[in-house]
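Asker: For reference, the structure I am asking about is given below.
Protein chains: 2
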Amino acid sequence: MSANPKDFLQPASTLSHEAIRPFPASRKIYQQGSRPDLKVGMREVTLTPTPSSHGAEENPPITVYDTSGPYTDPSAHIDLRAGLAALREPWILERNDTVQLDGPSSEYGRARARDPKLAHLRFEHIRKPRRAKSGANVSQMHYARKGMITPEMEYIAIRETLRLNELRNDPRYTRLLRQHRGNAFGAAIPEEITPEFVRDEVARGRAIIPNNINHPESEPMIIGRNFLVKINTNIGNSAVSSSIEEEVEKMVWSVRWGGDTLMDLSTGKNIHETREWIIRNCPVPVGTVPIYQALEKVDGKAEELTWEIYRDTLIEQAEQGVDYFTVHAGVRLPWIPLTAERVTGIVSRGGSIMAKWCLAHHQESFLYTHFEDICEIMKAYDVAFSLGDGLRPGSIADANDRAQFAELETLGELTKIAWQHDVQTMIEGPGHIPMQLIKENMDKELEDCFEAPFYTLGPLTTDIAPGYDHITSAIGAAQIGWYGTAMLCYVTPKEHLGLPDKQDVRDGIIAYKIAAHAADLAKGHPGAQLRDNALSKARFEFRWADQFNLGLDPEKAQEFHDETLPQEGAKLAHFCSMCGPHFCSMKITQEVRDYAASQKLSEAEALQRGMEAKAVEFVKQGAEIYKKA
Amino acid sequence: MSANPKDFLQPASTLSHEAIRPFPASRKIYQQGSRPDLKVGMREVTLTPTPSSHGAEENPPITVYDTSGPYTDPSAHIDLRAGLAALREPWILERNDTVQLDGPSSEYGRARARDPKLAHLRFEHIRKPRRAKSGANVSQMHYARKGMITPEMEYIAIRETLRLNELRNDPRYTRLLRQHRGNAFGAAIPEEITPEFVRDEVARGRAIIPNNINHPESEPMIIGRNFLVKINTNIGNSAVSSSIEEEVEKMVWSVRWGGDTLMDLSTGKNIHETREWIIRNCPVPVGTVPIYQALEKVDGKAEELTWEIYRDTLIEQAEQGVDYFTVHAGVRLPWIPLTAERVTGIVSRGGSIMAKWCLAHHQESFLYTHFEDICEIMKAYDVAFSLGDGLRPGSIADANDRAQFAELETLGELTKIAWQHDVQTMIEGPGHIPMQLIKENMDKELEDCFEAPFYTLGPLTTDIAPGYDHITSAIGAAQIGWYGTAMLCYVTPKEHLGLPDKQDVRDGIIAYKIAAHAADLAKGHPGAQLRDNALSKARFEFRWADQFNLGLDPEKAQEFHDETLPQEGAKLAHFCSMCGPHFCSMKITQEVRDYAASQKLSEAEALQRGMEAKAVEFVKQGAEIYKKA
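As given, the protein sequences belong to chains A and B, one line each in that order. Taking the numbering used here, I'd label the letters of the first sequence as residues 1 to 629. Taking the numbering used here, I'd label the letters of the second sequence as residues 630 to 1258.
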């Protein structure tokens, strides 16, 4: 912890080596788009050749989706105090529909900027905020509905496709691209994702591109059920812990492991300054729950919240570059008593803040009554709605109850209003749901909210495993992702118990990358199975390093392998610690395959003719299988 | 490691404290059955009262299924060198259909018993083996089909019911027993599990009770889709590691965390003696893959295996008390070439051993041709079949292919034969299967194998996370358990990479207890949700210790909590580290509930009338929510 982040937030040196070192056998590649300033970063994993014992062949490199931005690119110059390059700035400027303000237009933002006591905490290179010209609407949805294909949309089309078109014409990939047919439950994932398809999905409201014009550092990404399933990670300080530099390190750590968006849920000190440091250095969209900061502004007294304080907070955060706001506008006065009989009542922090306000004033929520005013702010900066599920169930017992579904119906009503303003919108979902009730959540969301993207927390499929809720929830997340959820909010092992440390963040992210990828496979997302096939081929051929490097966590995989067989040689050995050198099940298969392949037999023929020959051949060899590596 | 396990396998002292200490706030209770020697062990978790701030009330104790046998009972005398008490012996004797042999009847068993070099390794108190009287059949299926309800069946009925009938009539449990309706996909789980129901399920072959007459130390349990979903854990030494005392410790460790059965997959030294130590001290059924040991007897040369060697191995192990044998009799000569085009070929060790034998001899598998001879051995000791899936897919790419399903159809054919001999049978399943293909596996197994219990490994739902396959597979395991799989074979984080240590075993077991329980909830198993509801109520009421103690891993939960809030006081505090003391979402809900409850209003009325009153009351209180604990 430090009083002065500037002493700490030096060039990359501040960041732990483990947070920024490139992944093994990986290099950053950039796919060139239709214009010079449109380059899409990806990670390419280089593979070793297949050993002769398995029929020597080259193994083509595998490209994987990369959320880490420049942090894993050794050639990139990282200076946390300067922030990342504003890669989207030229695209924003050339649309010529925004103005640069003299400075923050929120009262709070101005007050913080003036306060000399904060000088040591303040990010120095603050860019003056931009806002839509009066009467203009700068949301990607607005452009999409006008038929414009923005550079952001093209960027996304390239990013989601991962060079699939090249690979399809490269014979080295033919076998690796073989994939099972998926079952996407009515989602319509095309064989090829084009910029026009991206535009159309955004125009329909079936997908959103969270990218505030004041966060030009972020790399465009999309959230929608006809695209790769995304995951969100949460960071943020709290009344009981954490400093600015810790939060920045957590952010870099979370994009390294694969967080597609990042929510800053800070409720502690210097929320405004902390957020500035995070956004200026964050390559992925940033979301917040503005009511959290608004509550701090009234010393935690929910009943003292006002629309004016909340409105000022929205503007403050929009001008810093927050890409999406969680707004609990569905927690309506009439729904609150529906939670009375629950086992765990209202567990959403934002939901309970608004519930308390409504009860104290016996008034309808100001988030609901001022919803159109909020839309006006959103479209002036292109901030997307994440309509919060303030009444989500906090236990299996409360799943799919009237309170939850009454709120969901209200969120659908609000989605319609947001869309009238061309404001991008996604819907937040539960929570704690047993498996047999998960699908009803997805189906109802699609129907009530007109296919707006669903963004769920888990769901946790049982309540009995505190300390392991990244697993109880990964089970539910994989299923709801398969059914159509567009983004999964991660849960760490510390859920319900404490604040996640770096190891918990890593565990939570990997569990959710697994859930998201399992869902992509199940939906039959084109090319999703390529990485599985490449890794399995490496496994089968005892290419240990390739097996590690193609995994979601190469470091952990190698560490585990080396615990049992530390010798370098073991990573070239044609056996593993499970069977040992004496007998290995993988090898016999190789012989079956070599045989059938060499004969180019149909299975039936192989069956008929093959056996004698094989029997003889085996005896010749003395039927010894294991050959020294 | 030690040359002489007797020096180490002393009374409990040998076992690590962490392996045998009772769980916090838990005591062993015994449910009395219809006869004095029928007492079913369970674990009762004592809970603290609800604090007055949440409407003071007593919280009744919760009983949980307990696989740990006497090891967690402080009043039990543990002496590893003497073995556990033979609790089933009187039941076996009074059936008067077995004879005690003078000693092992297998050649190998006799040779090991004679060998002076093994004296220091040998378990001393070896009970002489029993076998069915000539012409008799001692399988539980045989008794069931004759209409006999055995003490084993009554034990299971009590164990599966967990005092549910008592609880139903106890008003303190009424709210906790509230549960969602399940979707059991055609399984028929009764409201009450009676001994007669157990008998009927076993008679139909829909469930098995693995309990060899030579393993009278084991506590009866059942594997079937109309009962609680079970999990299996694997231990066993290998050519590259582990000693007898390590294996015994692993066994005790695995039953502590919830392993319902244990497979000893040893392939290293002294397999026979290691197994004896394990079985004599193991309170759960033990399974093996006899072909592994048979292979060691021919120095790993699969083509030198013979029916005679295998047969002798079956008798050797049956007389030690192995409760179920994995037999890969479905790996038929005709199916082997079907694996030629796979990405990962044959990955089952047993499957590849038999494939190699078939190819080398160009003959049909002796496991298949001698299947009826095997049945004769099984019914003489009541060993159950676990018909192995030697051709299971080892990668997503190979899922649900012709090789896999051809073998499954053969297993159905063999199930019929086994049932003609009244031999209990379950079917092993995959493997690596993407989510959208999992249900087809379950449905096909039920149809082709006439509803014999399915016992699956995972399935893993993606290949890209080496180091985290307990998670990739828990996702698939929860789903296939929901669809009807009766037992889930655990996968540890070390899968594909190395040999699991104790921490890996614990992580694998907890992940699988989660999957199994999530499946029980989804199927609507009566009472399954009781523990979730009790834990969630504790969570809501800030009864931290109760929340930890009701979880699958109380130690881990408390450890995580204390990392952020170590002070003892924090465990009484009405807040957690997520929100801190200033504002807490749980509290506002309490107020909503207190209000609606006190007024006994319908939700509609509460909505209409309640708000004014509440508003006033709030202002009176100065609307301060947080009260010091």
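Every residue gets a Cβ at the ideal spot worked out from N, C-alpha and C, and that includes glycine.
1) Would you report the Cα separation of residue 1233 (chain B) and residue 1134 (chain B), rounded to the nearest angstrom?
2) Under a three-way DSSP split, which group does residue 1119 (chain B) fall into?
3) Could you tell me whether any Cβ in chain B is nearer than 7 Å to the Cβ of residue 266 (chain A)?
4) For the segment 243 to 305 of chain A, list the alpha helix (DSSP H) runs that are entirely contained and at least 4 residues long, ordered along the chain.
5) Could you please tell me which residues of the segment 1173 to 1185 of chain B, in chain order, have their CB closer than 8 Å to any CB of chain A?
6) DSSP three-state label for residue 1139 (chain B), please.
7) I believe residue 910 (chain B) touches residue 877 (chain B) by the beta-carbon criterion, under 8 Å. Please report the beta-carbon distance rounded to the nearest angstrom.
8) Round the Cβ separation of residue 925 (chain B) and residue 900 (chain B) to the nearest angstrom and send it over; I've been treating them as touching at under 8 Å.
9) Buried or exposed: residue 328 (chain A), going by 16 or more other Cβ atoms within 10 Å of its Cβ?
10) Pairs of beta-carbons, one from the segment 1139 to 1146 of chain B and one from the segment 1098 to 1110 of chain B, closer than 8 Å: are there three or more?
11) Between which two residues does the beta strand (DSSP E) containing residue 161 (chain A) stretch?
12) Which term fits residue 927 (chain B), buried or exposed, when burial requires 16 or more other beta carbons within 10 angstroms of its beta carbon?
13) Cβ closer than 9 Å: which chain A residues qualify as neighbours of residue 1192 (chain B)?
14) Quick check for students: name the residue ranges of the beta strand (DSSP E) that lie wholly in the segment 1054 to 1119 of chain B, counting only runs of 3 or more.
15) Which of the residues in the segment 425 to 437 of chain A, read from start to end, lie with their CB under 7 Å from any CB of chain B?
16) Would you please state the rounded distance, in angstroms, between the beta carbons of residue 371 (chain A) and residue 425 (chain A)? I believe it to be under 8 Å.
17) If we ignore side chains and look at the alpha-carbon of each, how far apart do residue 644 (chain B) and residue 846 (chain B) end up?
18) Can you give me the start and stop residues for the alpha helix (DSSP H) that residue 378 (chain A) sits inside?
19) Using a Cβ-Cβ cut-off of 7 Å (strictly less than) and excluding sequence neighbours within five positions of residue 315 (chain A), which residues of its own chain qualify?
20) Against chain B, with Cβ distances strictly below 7 Å, would residue 352 (chain A) count as a contact?
21) Whose CA, out of B:885, B:712, B:903, B:1217, lies closest to the CA of residue 359 (chain A)?
22) Answer yes if the segment 1171 to 1179 of chain B comes into contact with the segment 877 to 889 of chain B, meaning at least three C-beta pairs across the two stretches below 8 Å, and no otherwise.
23) Excluding sequence positions up to five away, which residues of its chain have a Cβ less than 7 Å from the Cβ of residue 97 (chain A)?
24) For residue 110 (chain A), return the contacting residues in chain B, with the cut-off set at a CB-CB distance below 7 Å.
25) Just the chain A side, please: which residues come within less than 7 Å of residue 1096 (chain B) by C-beta, in chain order?
26) Does residue 233 (chain A) come out as helix, strand or coil in the three-state DSSP assignment?
27) Tell me whether the beta-carbon of residue 395 (chain A) lies closer than 7 Å to the beta-carbon of residue 1165 (chain B).
28) Is there a Cβ from chain A that is less than 7 Å from the Cβ of residue 1235 (chain B)?
29) What do you reckon, are the CB atoms on residue 67 (chain A) and residue 229 (chain A) nearer than 7 Å?
30) Determine whether the Cβ of residue 647 (chain B) lies closer than 7 Å to any Cβ atom of chain A.
31) On the DSSP bridge list, what partners appear for residue 325 (chain A)?
32) Chain B beta carbons: is any one of them nearer than 7 Å to that of residue 228 (chain A)?
33) Classify residue 602 (chain A): buried if its beta carbon has 16 or more other beta carbons within 10 angstroms, exposed otherwise.
34) Along the alpha helix (DSSP H) that carries residue 679 (chain B), what are the first and last residues, could you check?
35) Opposite residue 669 (chain B) in the DSSP bridges: which residues?
36) In the structure shown, what three-state DSSP assignment does residue 134 (chain A) receive?
Answerer: Checking against the coordinates, here is how it stands:
1) Because residue 1233 (chain B) carries a pLDDT of 49, less than 50, the predicted location of this residue cannot be relied on, and the following value inherits that uncertainty. Each residue's Cα considered, the two are about 52 Å apart.
2) For residue 1119 (chain B), the secondary structure class from DSSP, reduced to helix, strand or coil, is coil.
3) So no, residue 266 (chain A) is outside the interface.
4) The segment 243 to 305 of chain A contains these whole alpha helix (DSSP H) runs: 244 to 257, 271 to 280, 290 to 297.
5) For chain A, the residues of the segment 1173 to 1185 of chain B that bring a beta carbon within less than 8 Å of one of its beta carbons are 1176, 1177, 1179, 1180, 1181, 1182, 1185, in chain order.
6) In this structure, residue 1139 (chain B) counts as helix in the three-state DSSP scheme.
7) In this structure, residue 910 (chain B) and residue 877 (chain B) form a Cβ contact; the two beta carbons are roughly 6 Å apart against a cut-off of 8 Å.
8) Right, their Cβ atoms sit about 6 Å apart.
9) So residue 328 (chain A) ends up on the buried side.
10) These segments touch.
11) Counting along the chain, residue 161 (chain A) falls outside any beta strand (DSSP E), though it belongs to the alpha helix (DSSP H) covering 151 to 161.
12) Residue 927 (chain B) is exposed by the Cβ-count criterion.
13) For residue 1192 (chain B), the chain A residues whose C-beta falls within less than 9 Å of its own C-beta are 494, 497, 498, 499, 501, listed in chain order.
14) Runs of the beta strand (DSSP E) lying entirely within the segment 1054 to 1119 of chain B, each at least 3 residues long, are 1054 to 1058, 1083 to 1086, 1116 to 1118 in chain order.
15) When C-beta distances to chain B are compared with 7 Å, the residues of the segment 425 to 437 of chain A below that value are 434, 435, 436, 437, in chain order.
16) Wrong, their Cβ atoms sit about 11 Å apart, outside the cutoff.
17) If I take the Cα positions, the gap works out to 19 Å.
18) Looking at the DSSP string, the run of the alpha helix (DSSP H) that includes residue 378 (chain A) is 371 to 381.
19) Within the same chain, and ignoring the five residues on either side of residue 315 (chain A) in sequence, the residues whose Cβ sits closer than 7 Å to its Cβ are 105, 106, 377.
20) Chain B, which has a Cβ nearer than 7 Å to the Cβ of residue 352 (chain A), makes this yes.
21) The shortest C-alpha separation from residue 359 (chain A) is found at B:1217.
22) With a cut-off of 8 Å, the segment 1171 to 1179 of chain B and the segment 877 to 889 of chain B do not count as touching, because too few Cβ pairs lie within range.
23) Counting only Cβ-Cβ distances below 7 Å, and skipping sequence neighbours, we find 132, 133, 136, 138.
24) Under a criterion of Cβ atoms nearer than 7 Å, no residue of chain B is adjacent to residue 110 (chain A); the nearest Cβ is some 26 Å distant.
25) Chain A residues near residue 1096 (chain B): 551, 553, 556, 557, 560.
26) Strand, per DSSP.
27) Yes; because the gap between Cβ atoms is below 7 Å, this pair is in contact.
28) Bear in mind that a pLDDT of 47 at residue 1235 (chain B), under 50, signals an unreliable position, so the model cannot answer this.
29) Annotated as distal: residue 67 (chain A) and residue 229 (chain A), with beta-carbon spacing of 7 Å or more.
30) Taking a beta-carbon distance threshold of 7 Å, residue 647 (chain B) does not count as an interface residue toward chain A.
31) BP columns for residue 325 (chain A) point to A:288, A:385.
32) So no, residue 228 (chain A) is outside the interface.
33) Bear in mind that a pLDDT of 49 at residue 602 (chain A), under 50, signals an unreliable position, so the model cannot answer this.
34) Element bounds for residue 679 (chain B): n/a, residue is neither H nor E.
35) Under DSSP, the beta-bridge partners assigned to residue 669 (chain B) are B:660.
36) In the structure shown, residue 134 (chain A) sits in coil (DSSP, three-state: anything other than H, G, I, E or B).
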